[in-house]
Amino acid sequence: MVAEIAFVVGALLAGCLGVYAAVVRANTTRDIGGHLEPLNASVTTLYRSLADADATAAAGFLAGGVEPREVQARYVRDLMTATTNLAQASTQAGGELVASRRIADITTQLPVYTGLVERARANNRDGRPVGVAYLRRASELMQNSILAEAAELQRRQAAQLDAAYERLGPVLVGVVAVGAVSLAGLVWLQVFLFQRTQRVFNIGLVVATVAVLAGTVWWMAAESVSANSLASARGHSRSVSDALGPAQIAALQARSVESLELVTRDAGPTEPDFAARMQLLERDNGAGGALGAARQFVSDQTGTTLVQAAIDDAGGYAAAHREVRRLDDVGDYVKAVNAAVNTREPSAATAFDRLDSALTVAVAHERDVFQRDIAHAQNWLTGLPIGTGGVALVIAVAVVVGVRQRLEEYR
Amino acid sequence: MVLTTAADDGPWAHDRIALDSVPANPGPAIAMQLAASGSAGFTGQLGAPSDCSRQNVLASLRPEGPLPPPGQMPSGSTMARIVSRGYLIVGILEDADPFAFRDVSLQPQGFDIDLARDIGEAIFGDREHVVFRPTPEVNRFEPLRSDQVDLVVAAATITCKRREQVDFSTVYYEAGQRVLVNHGSGITGLDDLAGRPVCAARGSTSLARILAAPSKPIAVGTATETDCLMMLQLGEVDAVSTDDTLLAGMAAQDPQTEVVGPRLTDEPYGIATSKDTPDLVRFINAVLQRRVQDGRWEASYQHWLSQLGPPPALPAPQYRD
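As they're listed, the protein sequences go chains A and B. The first sequence: position 115 = 97 (our numbering), numbered continuously. If you want our numbering, it's the position in the second sequence, counting the first as 1, plus 3.
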């Protein structure tokens, strides 16, 4: 009698724990795929579009009095992308205090930045040299203040994503342990009853045993498959957040420095700044830096090819930049500017655009594979909570029925 | 065009380097001079006069004889080296309207630029053989010290302190520090700016003057002069105080400002050269003399600085030898 109650209670308890664990796993996986990773991507896009806006504004200045139409269009697109992603981040941040404050800071500073850029442009168009002062101030605001906040936001997002992955730690051992203990318990019970009643098979207990076996096997399968997919997913999302994303940003910042160097002339040499950004991007031709890290992270053939293409393009951009510096250092300013911004012939502008596209394509591929992996993991985990609950219930009922039956017969 | 240098020593080749000690790694200018001279004797006087004072700070080196024809510089001279290089390298500001700035087609323009091109024309025969390099406003003479430029034409006031680092030509323009304010501010000079922010470029003599003003305004230093105009427009400073020529350029950009106040200082502008090229200084002084005589100086003034009034009379050039 006591044993029966103990068993039932134990089964129900295990069932509750199992259901809880299954729910956590299923939810976390869904959260990663549907919320955290997209949010991470959204914040990265925010950072990128802000950095690109800054680089574009400076490049527009280099074109002289009349800003080319495509430059203006790109700047506007960047701002629209930034504000859209800012709104998304704001919604997602919800009540979280620190994130909300950062987003609020960016939101209030962005109009100040665009105001300065417009004033710079208006002055530049009128041929007033004071325009350059406004542009420099705008760029300082963007680089030192707004982008710093966006970087913090991104770090927070990446940490949250990481924490979610950690919650999905392996439970295979636990599952096997629980299954083994349950099995052992049921076997002991049946042996005990056999000794008392000389009846080998008891439908209820047999059903219970089968259910335990089935449940354990199901959990083991779901666990190992989903763990595999999750590990792969994590690798792909990390390749974006820890490697390719920083690569895009380093490239954009280098471009910004390059343009600003040509625009602001005698505000001091900034070439070490450029070199530092390029180091972040691709130290030693892709052996190190963000692109080197990307090469470590990518796991499939396509990914590897795309990262290699980006590494080659980074080298191409570095070479184009060296040409710009060479022309500027010998005093041929007009040619230097042309080498920096002309999109109709091979230049730093075309090389940079190629690098930017290569990185974008690589990121898209990684995210694609990530989504597939996460969906795969989710498939194996969605039914788990209900299934676990059902199995636990079946075990409990079956044990009660089986033991009852024997006891009645015995009496 | 084939450029030749005079076969024998002309009047410009008398200078030799007078150094108490030759530096361990002489720059190309010194090396060439030493190689060309053969002997270590000297005939010229170099460096700042040992007692630099207000009276003789403006004294430069006297030109020796008439200018050599373009392309025929005395052999071994600095000018000959420039000729063989193929272009003159001039350090300029690029943000100092109307003395030096870039127009919409990104070409350097301004009063200083005209002067630089005239010097280039005296060496090469045309105005195209000049290459401009930006000099940082904070330390205008750095490129001279590292031999990146032959001379610096950058609205630089001649002072005793600066004479310790570089040599100067005779005065090519006399400016004076005044104050730029917004229209209707009621400010008539530094005396009205007690405790209020006044802007000038970091490292300039103007900023030092603001710091020393008896009315004790708050001195605000910026990377360039143009930043000061921006700060005035944004209301972050109440006034900008620097050479009236630069203020004239700002007032031309922004009709809501005006130049006020008495001339606080006399700012004699000179062309800066390395101390190791005294023959170049003499050459430049001769070019400056000729420029005044044949009217180019006045023409350039009328083009760039006419809003400051009729062309003032330049002081007579002073020489220390």
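All C-beta atoms in this analysis are idealised placements derived from N, C-alpha and C, irrespective of residue type, glycine included.
Cβ-Cβ separation between A:E134 and A:R84: approximately 6 Å, consistent with a contact (criterion under 8 Å).
Contact of A:R119 with chain B is assigned, a C-beta pair being separated by under 8 Å.
Here B:D170 carries a strand assignment [DSSP, helix/strand/coil].
A residue is called buried when at least 16 other Cβ atoms come within 10 angstroms of its Cβ; B:H306 does not meet this threshold and is exposed. Around the CB of B:H186, fewer than 16 other CB atoms lie within 10 Å, so the residue is classed as exposed.
Between B:I122 and B:L91, the C-beta spacing is below 8 Å. Against chain B, the CB of A:A104 has no partner CB under 8 Å away; the residue lies outside that interface.
Within the stretch 215 to 238 of chain B, the residues whose Cβ lies closer than 7 Å to some Cβ of chain A are A226, T227, T229, D230, L232 and M233, listed in chain order. For A:D34, the CB contacts under 7 Å within the same chain, skipping 5 residues up- and downstream, are D60 and L234 in chain order. The three-state reading of DSSP puts A:F334 in helix, counting H, G and I together. Comparing alpha-carbon positions, the option among B:S63, B:N59 and B:C55 lying closest to B:F286 turns out to be B:S63. Excluding the 5 residues flanking it on each side, A:R259 has same chain C-beta neighbours closer than 6 Å at A232, Q235 and A236, in chain order. Of all residues in the stretch 129 to 140 of chain B, only V133, V134, F135, R136, P137, T138, P139 and E140 place a beta-carbon less than 9 Å from a beta-carbon of chain A.
If you draw a straight line from the Cα of B:Q292 to the Cα of B:E124, it is about 15 Å long.
Put simply, the backbone Cα of A:L32 is about 13 Å away from that of A:V94. From the beta-carbon of B:S108, the residues of chain A found nearer than 9 Å are G46, G47 and V316. Secondary structure of A:V53 (DSSP, three-state): helix.
For A:A45, the closest alpha carbon among the candidates A:A321, A:I368 and A:D355 is that of A:A321.
Taking a C-beta cut-off of 8 Å against chain A, the contacting residues of the stretch 92 to 105 of chain B are I92, L96, E97, D98, D100, F104 and R105, listed in chain order. The beta carbon of A:P111 falls within 8 Å of a beta carbon belonging to chain B, placing the residue at that interface.
The stretch 220 to 295 of chain B contains, as complete alpha helix (DSSP H) runs of 4+ residues, the segments 228 to 236 and 247 to 256 (chain order). Residues of the stretch 254 to 270 of chain B with a C-beta less than 8 Å from any C-beta of chain A: Q256 and D257, listed in chain order. Unbroken alpha helix (DSSP H) runs of no fewer than 4 residues, entirely contained in the stretch 235 to 275 of chain A, are found at 253 to 264, following chain order.
Put simply, the stretch 209 to 223 of chain B does not touch the stretch 277 to 286 of chain B. Fewer than three CB pairs are less than 8 Å apart. Listed along chain B, the residues sitting closer than 7 Å to A:V312 by beta-carbon distance are V134. When DSSP states are grouped into helix, strand and coil, A:V289 belongs to the helix group. Contact between A:R7 and A:L366 holds: CB atoms are separated by about 7 Å, below the 8 Å threshold. At a Cβ-Cβ threshold of 8 Å, B:L96 and A:V316 do not count as neighbours. Here the alpha carbons of A:R101 and A:Y116 stand approximately 7 Å from one another. Taking one beta carbon from each stretch, the stretch -7 to 5 of chain A and the stretch 101 to 111 of chain A have fewer than 3 pairs nearer than 8 Å; the two do not touch. Linking B:D150 to A:T89 through their CA atoms gives a straight-line distance of about 48 Å. It is roughly 11 Å from the alpha-carbon of A:F352 to the alpha-carbon of A:V280.
Within 10 angstroms of the beta-carbon of B:R294 lie 16 or more other beta-carbons, which makes it buried. With contacts defined as CB atoms closer than 8 Å, B:T229 and A:V112 qualify as a contacting pair. Within the same chain, Cβ atoms closer than 7 Å to the Cβ of A:L363 are found at R7, A8, T11, A204 and S208, the five residues on either side in sequence being excluded. With its beta carbon less than 8 Å from one in chain B, A:A115 belongs to the interface.
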